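Read through the structure below, which is laid out as structure tokens, and then see the notes.
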Amino acid sequence: MRLLTEPFQLEFMRRALLATIIVGIVAPVVGTWVVLRRMANLGDAMAHGTLAGVGVAYAAGFNVVLGALGAGVVMAVLLLALSANRRLGSEALIAVLGTAGFAAGVLIISRLDSGVELSHFLFGQLLTVGWGDLAVNAALGAGAIVVIAVLFHELRMATFDHVHAEQSGVHVELVHGVLIALLAVVVVISLRTVGTILSVTMLVTPPATARLFTRTLRAMTGWAVALGVAEGVAGLILSYHLSGGAAPAATIALVAAGVFAVAFVLTLPRRQPHHHRPLA
Amino acid sequence: MGIDLDNVGAVSEPAVLQVEDLGVAYGHRQILSGVTFRAAPGELIGVIGPNGAGKSTLFKAICGLVNHTGTVTVNGVHCHDRTERMDLAYIAQRNDSDLAFPITAGELVLTGRRRFSAWYRRPTPDDRDAACHALAEVGLAGVADRGLLELSGGQLQRVYLARALAQEATVVLLDEALSGVDQPTTAEMFELFAQLAGRGTTLLVATHDLAMARRRFGRCLAINGTLRADGTPDAVLAADVLDATFGTAGHAPAH
Chain A
-18 MRLLTEPFQL EFMRRALLAT IIVGIVAPVV GTWVVLRRMA NLGDAMAHGT LAGVGVAYAA
42 GFNVVLGALG AGVVMAVLLL ALSANRRLGS EALIAVLGTA GFAAGVLIIS RLDSGVELSH
102 FLFGQLLTVG WGDLAVNAAL GAGAIVVIAV LFHELRMATF DHVHAEQSGV HVELVHGVLI
162 ALLAVVVVIS LRTVGTILSV TMLVTPPATA RLFTRTLRAM TGWAVALGVA EGVAGLILSY
222 HLSGGAAPAA TIALVAAGVF AVAFVLTLPR RQPHHHRPLA
Chain B
28 MGIDLDNVGA VSEPAVLQVE DLGVAYGHRQ ILSGVTFRAA PGELIGVIGP NGAGKSTLFK
88 AICGLVNHTG TVTVNGVHCH DRTERMDLAY IAQRNDSDLA FPITAGELVL TGRRRFSAWY
148 RRPTPDDRDA ACHALAEVGL AGVADRGLLE LSGGQLQRVY LARALAQEAT VVLLDEALSG
208 VDQPTTAEMF ELFAQLAGRG TTLLVATHDL AMARRRFGRC LAINGTLRAD GTPDAVLAAD
268 VLDATFGTAG HAPAH
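Each protein sequence line maps, in turn, to chains A and B.
Under this note's numbering, residues -18 to 261 are what the first sequence spells out, in order.
Under this note's numbering, residues 28 to 282 are what the second sequence spells out, in order.
Structure follows, in structure tokens:
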């Protein structure tokens, strides 16, 4: 018990805990839809690409969170506008945009400093999160969850059967655009905590794990959030004891991947008998 | 234009579905051209033709899912503005849907009610009643809480039919709904089709099973690139028409 509570005697660890919990709730809620719509690659590219906005904001002395949000919106618009290209499809385009934004960010930031700041943006600076960051993250996160809750039925229809959804009056493209915008929000929330690169961990791994053993959307979302929070907190505590708080984001990512691996193996027998369904 | 056969029923009654000179091209490839027919309320029509003949394309064009030339009207209103399209229910080939998606049969049927609502509204108790009622009508009241992988092929088709009922569609298009479904299920499906037709719903069922078409439909459309024939099964399935439709007289493609 002491091992669990000891790290949080320190105020910066308490702030880190709160930041982790916020990401652990919000990212899996959005990520459930990212996984179901098979957009994990897009999430990854979004996380990398926003570094361009961070770099520009950093160089210009703006708020880096706003810079990331701006880059996320630009990425979203470009992706939506260009993904109609049938020869490439959206997949290659996603990779091109993501790596280009990432490269631009690296270039700008490394021209300005020795590399300390760069690694902070890439891997987060969980232990230096301030109360102001927390307030911004909580507000953005709450907004994202409200949007998902309101659009729940639209998202489900657009994801399961977009043809029927469109015929029924669901604005399928708009729903897709909103989800991409929410992706940008998650990346921004993750910026100061797990960093841009590992934000994909919280976005994809807990929902992907929950997908293995749940049957309904509500259960999948609920389990994804429970896993996201538990893995985040466990990773944070583990990193405190293992390395005195170094690399908490990487520890969280490995814990999440470990839980996924265990769930994957445990659910293997259930998924195996994939023979023909019985006739009526 | 195709071979003109006796146009059963469709001429005198008011048409619920009217297709005029419909054509579809994918790039430079013309898939369909000059398709013209009318369907009356309560008609059960078989749409026959070999694989790749354009049956699915015809259905998609009618629903406005692909670009096309010519016109489609439903209940006399020019189609393809959002509200009118919802009077059509399109049930795609069953391998098109992601059966592992976390949605229950009841929730799937409930999505049929979306057209009566707005994006920010949750389904009302009335919507839920309508969905339950629709599931009961297709004889599946007991499976509302099952996932799609837990349903048989025939049950899944009936769940989609229940969604069309919940949607209160006046025209239902079923694309190869009966391939890979066993005999008793096929019989049940046709009983359901007859019930729906009796209430004034128009059904178009695409199939490449000619034996079934001959036994089960009052009217058949033969499609291959265009409308080759339109009339009673006996007339449409006559050797010379089949030759025009399938290329080889009397030879149904193996499935």
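Glycine included, C-beta positions come from ideal geometry on N, C-alpha and C.
On a predicted model such as this, the values are computed, not experimentally measured, just so you know.
Worksheet item: Under 9 Å, do L(-2) of chain A and V214 of chain A count as touching if we go by C-beta distance?
Response: As a first step, residue -2 of chain A must be located in the first sequence, where it is residue number 17. As a first step, residue 214 of chain A must be located in the first sequence, where it is residue number 233. The answer is yes: Cβ separation under 9 Å.
Worksheet item: Roughly how many angstroms lie between the CA atoms of V232 of chain B and I72 of chain B, to the nearest whole one?
Response: Residue mapping note: residue 232 of chain B aligns to position 205 of the second sequence, counting from 1. Residue mapping note: residue 72 of chain B aligns to position 45 of the second sequence, counting from 1. V232 of chain B and I72 of chain B have their C-alpha atoms some 6 Å from each other.
Residues of the region 151 to 173 of chain A whose Cβ lies closer than 8 Å to any Cβ of chain B, in chain order:
Taking 8 Å as the Cβ-Cβ cut-off against chain B, the residues of the region 151 to 173 of chain A that qualify are V151 and H152.
- Using a beta-carbon distance below 9 Å, is R141 of chain B in contact with chain A? Mapped onto the second sequence, residue 141 of chain B falls at position 114. Yes - at least one Cβ of chain A is within 9 Å of the one on R141 of chain B.
*Along the region 63 to 79 of chain B, what residues have a CB closer than 8 Å to any CB found in chain A?*
For chain A, none of the residues of the region 63 to 79 of chain B brings a beta carbon within less than 8 Å of one of its beta carbons.
*Mark T174 of chain A as exposed unless 16 or more other C-beta atoms lie within 10 angstroms of its C-beta, in which case mark it buried.*
Position 193 of the first sequence, counting from 1, holds the residue named residue 174 of chain A. It is buried - the Cβ of T174 of chain A has at least 16 other Cβ atoms within 10 Å.
Can you name, in chain order, every residue of its own chain whose Cβ lies under 6 Å from the Cβ of A244 of chain A, other than the five neighbours on each side?
As a position in the first sequence, residue 244 of chain A is number 263, starting the count at 1. Within the same chain, A244 of chain A has close Cβ partners T190 and L193.
**Item:** Euclidean distance between Cα positions of R92 of chain A and V46 of chain A
**Value:** By 1-based counting over the first sequence, the position of residue 92 of chain A is 111. By 1-based counting over the first sequence, the position of residue 46 of chain A is 65. Going from the Cα of R92 of chain A to the Cα of V46 of chain A covers about 20 Å.
Segment limits, alpha helix (DSSP H) that includes F64 of chain B
Taking the second sequence and counting its residues from 1, one reaches residue 64 of chain B at position 37. Note, F64 of chain B: premise wrong, no alpha helix (DSSP H); beta strand (DSSP E) at R56 to A66.
Should G174 of chain B be flagged as near chain A, meaning a C-beta pair shorter than 9 Å? Working through the second sequence from its first residue, we reach residue 174 of chain B at position 147. With 9 Å as the cut-off, G174 of chain B counts as an interface residue toward chain A.
Notebook entry, point to check: Helix or strand or just coil, what does DSSP make of G73 of chain B?
Noted result: As a first step, residue 73 of chain B is located in the second sequence; it is residue number 46 there, counting from the start. Note: G73 of chain B maps to strand in three-state DSSP.
Between T31 of chain A and chain B, is there a C-beta pair that is closer than 9 Å? Against the first sequence, residue 31 of chain A aligns to sequence position 50. No, no contact with chain B.
How long is the line joining the alpha carbons of V35 of chain B and L78 of chain A, rounded to whole angstroms?
Stepping through the second sequence from its first residue, residue 35 of chain B is reached at position 8. Stepping through the first sequence from its first residue, residue 78 of chain A is reached at position 97. With a pLDDT of 47 at V35 of chain B, under the threshold of 50, the modelled position of this residue cannot be trusted, and the question is left open.
- Is T197 of chain A helix, strand or coil by DSSP? Along the first sequence, read from residue 1 onward, the residue named residue 197 of chain A stands at position 216. In the three-state reduction of the DSSP assignment, T197 of chain A falls in the coil class.
Backbone CA spacing between V268 of chain B and L249 of chain A [nearest angstrom]: Locating residue 268 of chain B in the second sequence gives position 241, where the first residue counts as 1. Locating residue 249 of chain A in the first sequence gives position 268, where the first residue counts as 1. Near 53 Å, if we compare the C-alpha coordinates of L249 of chain A and V268 of chain B.
For this session: Pair every Cβ in the region 135 to 142 of chain A with every Cβ in the region 8 to 24 of chain A, then say whether three or more of these pairs are closer than 8 Å.
Result: The region 135 to 142 of chain A, when compared against the region 8 to 24 of chain A, does touch it at the 8 Å Cβ threshold.
Discussion item. Cutting at 6 Å between CB atoms, please list the residues of its own chain near Y187 of chain B, excluding the five before and the five after it.
Written reply: Within the second sequence, numbered from 1, the residue matching residue 187 of chain B stands at position 160. So the qualifying residues of the chain are I118.
Problem set entry | Three-state class that DSSP yields for H152 of chain A in the structure shown | Your numbering for residue 152 of chain A matches position 171 in the first sequence. H152 of chain A falls in the coil class under three-state DSSP.
Cut-off 6 Å between Cβ atoms - residues of its own chain near L260 of chain A, not counting five sequence neighbours on either side: Counted from its first residue, the first sequence places residue 260 of chain A at position 279. Here L260 of chain A scores only 43 on pLDDT, less than 50, and its place in the model is too uncertain to base an answer on.
Query raised in the report: When the cut-off is 9 Å and only beta carbons count, does D142 of chain A lie next to chain B?
Result: Reading the first sequence from its first residue, position 161 is the one you call residue 142 of chain A. Flagged as an interface residue toward chain B: D142 of chain A, by a C-beta distance shorter than 9 Å.
- Which chain A residues are close to D125 of chain B, counting only those with a beta carbon under 8 Å from its beta carbon? If you number the second sequence from 1, residue 125 of chain B lands on position 98. Within chain A, the residues whose beta carbon sits less than 8 Å from that of D125 of chain B are F141, listed in sequence order.
For this session: Whole angstroms is fine: what's the gap from H29 of chain A's alpha carbon to E98 of chain A's?
Result: In the first sequence, residue 29 of chain A corresponds to position 48, counting from 1. In the first sequence, residue 98 of chain A corresponds to position 117, counting from 1. Whole-angstrom Cα-Cα distance: 16 Å.
- Going by other Cβ atoms of all chains shown within 10 Å of its Cβ, with 16 needed for buried, is R(-17) of chain A buried or exposed? Along the first sequence, one-based indexing puts residue -17 of chain A at 2. Answer is exposed; the Cβ neighbour count stays below 16.
Starting from Y53 of chain B, find everything on chain A with Cβ-Cβ shorter than 7 Å and list it in chain order. Here residue 53 of chain B refers to the residue found at position 26 of the second sequence. Chain A residues near Y53 of chain B: none, gap ~11 Å exceeds 7 Å.
CA nearest to the CA of N102 of chain B, picked from B:P260, B:G252, B:R243 and B:T197 | Against the second sequence, residue 102 of chain B aligns to sequence position 75. When only C-alpha atoms are compared, the closest one is B:T197.
Residue burial classification, N262 of chain A (beta-carbon count within 10 angstroms, cutoff 16): Since the first residue shown for chain A is -18 and the last is 261, residue 262 of chain A is missing from the structure and cannot be characterised.
In whole angstroms, give me the CA-to-CA distance for A207 of chain A and R226 of chain B. As a first step, residue 207 of chain A is located in the first sequence; it is residue number 226 there, counting from the start. As a first step, residue 226 of chain B is located in the second sequence; it is residue number 199 there, counting from the start. A207 of chain A and R226 of chain B: Cα-Cα distance of roughly 49 Å.
- prompt: Does the distance from the CB of R246 of chain B to the CB of E70 of chain B come in under 9 Å?
  reply: Reading the second sequence from its first residue, position 219 is the one you call residue 246 of chain B. Reading the second sequence from its first residue, position 43 is the one you call residue 70 of chain B. E70 of chain B sits close to R246 of chain B, with the two beta carbons spaced by under 9 Å.
message = Can you tell me which residues form a DSSP beta bridge with H105 of chain B?
response = Indexing the second sequence from 1 puts residue 105 of chain B at position 78. Paired residue(s): B:T100.
Notebook entry, point to check: How about M138 of chain A: is its C-beta nearer than 9 Å to some C-beta of chain B?
Noted result: What you label residue 138 of chain A is simply residue 157 of the first sequence in a count that begins at 1. So, interface residue.
Exercise. Along chain A, in chain order, which residues have C-beta atoms closer than 8 Å to that of A119 of chain B?
Worked result: Working through the second sequence from its first residue, we reach residue 119 of chain B at position 92. Chain order gives the chain A residues near A119 of chain B as V144, where near means a beta carbon separation below 8 Å.
ask   = Can you tell me the Cα-Cα spacing of F86 of chain B and I250 of chain B, whole angstroms?
value = Here residue 86 of chain B is taken as the residue at index 59 of the second sequence, counted from 1. Here residue 250 of chain B is taken as the residue at index 223 of the second sequence, counted from 1. Cα to Cα, F86 of chain B sits roughly 12 Å from I250 of chain B.
task = Classify H145 of chain A as buried or exposed, calling it buried when 16 or more other Cβ atoms lie within 10 Å of its own Cβ.
result = Taking the first residue of the first sequence as position 1, residue 145 of chain A is located at position 164. With 16 or more other Cβ atoms within 10 Å, it is buried.
Query raised in the report: Are the beta-carbon atoms of R65 of chain B and A116 of chain B separated by less than 9 Å?
Result: Here residue 65 of chain B refers to the residue found at position 38 when the second sequence is read from its first residue. Here residue 116 of chain B refers to the residue found at position 89 when the second sequence is read from its first residue. Contact: no.
query = By the 10 Å Cβ neighbour count, where 16 or more other Cβ atoms means buried, how is Q(-10) of chain A classified, buried or exposed?
reply = For the purposes of this step, residue -10 of chain A is taken as residue 9 along the first sequence, with counting starting at 1. Q(-10) of chain A is exposed by the Cβ-count criterion.
Next item on the list: Tell me, please, whether the CB atom of A262 of chain B is closer than 9 Å to any CB atom in chain A?
Entry: Position 235 of the second sequence holds residue 262 of chain B. Answer no: the Cβ-Cβ gap between A262 of chain B and chain A never drops below 9 Å.
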